[in-house]
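Take 10 as the starting number for the sequence shown in our numbering and just add one per residue.
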Amino acid sequence: IDFEDFFELIDLDRPDLKPPAWSPKPHPRLGSLASDTRDETKSIFDEIKHGDILAHHPYHSFEGTVQRFLNAAATDPDVLAVKAAIYRTASDSKVIQSLINAADNGKQVAVMVELKARFDEKNNLEWVRQLEEEGIHVAYGTVG
C-alpha cells in the first residue's frame with residue numbers, strides 16, 4: 010500500500026470511522042475580546058502587555074489570535090513595521106489582506122515566502138506577485 014492511498018480513506022462513506030468536526034476554541038486570554046469590536050487594536054495590545062500569549066493551532070481560533078493581531082498591527086499608529094513568513098497560505102487568505110492594509114497604512118512590511126511549499130507553489134507565486142505590486146518587500150525561502 011502506498012501512503013498516498015490513505016487519502017482515499019477519507020472519501021469512504023463510513024462516518025463511524027471519522028472524527029467529529031472540529032471547531033477551534035477562543036483563546037482563554039483573548040476570548041473575551043472577540044465580542045468587543047469597538048477597539049480591537051487597544052484590546053489585544055493591552056492584553057499582550059500583561060504577558061506573552063501562546064496560541065496553539067488548530068485548537069485555538071486562528072481568527073481570534075493571529076488574524077486579530079495582524080489586523081490590529083495593520084491599523085495601530087504605534088506599529089512601525091510588520092514582518093511575516095508565509096509557507097502555505099490559502100487562496101482566500103485574510104493574512105495577505107492584513108499585510109497589504111499595513112503597507113497601505115504606511116507601515117514597513119517585509120514578507121519571506123517559501124516558493125516550494127508543498128502543494129501551494131501556485132498560490133505562493135500569486136501572493137508574491139500581489140505583495141510586490143503593493144510595494145511590499147518580498148524575500149524568497151532558500152532551496153534545500
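For glycine and all other residues, C-beta sits at the position ideal for the given N, C-alpha and C.
Item	Value
Should I62 and L39 be called a contact, given that it needs their Cβ atoms to be closer than 8 Å?	yes
Determine, using beta carbons only, whether L160 and Q117 come nearer to each other than 8 Å.	Missing from the structure shown is residue 160; the chain here goes from 10 to 153 and no further.
May I ask which residues mark the beginning and end of the beta strand (DSSP E) holding I109?	Premise fails: I109 lies in the alpha helix (DSSP H), 103-113, not in any beta strand (DSSP E).
If distances are taken between C-alpha atoms only, which option among K92, G60, L124, Y96 comes closest to I145?	K92
State yes or no: is the C-beta of N133 within less than 8 Å of the C-beta of E142?	no
Could you check how far apart the C-beta atoms of V75 and A64 are, in whole angstroms? I think they sit under 8 Å.	6 Å
Quick one: what does DSSP say I145 is sitting in, helix, strand or coil?	coil
Specify, as a first and last residue, the run of the beta strand (DSSP E) that A81 falls within.	Unbroken run through A81 is the alpha helix (DSSP H), 77-84; no beta strand (DSSP E).
Which word fits W31, buried or exposed, when buried means at least 16 other C-beta atoms lie within 10 angstroms of its C-beta?	exposed
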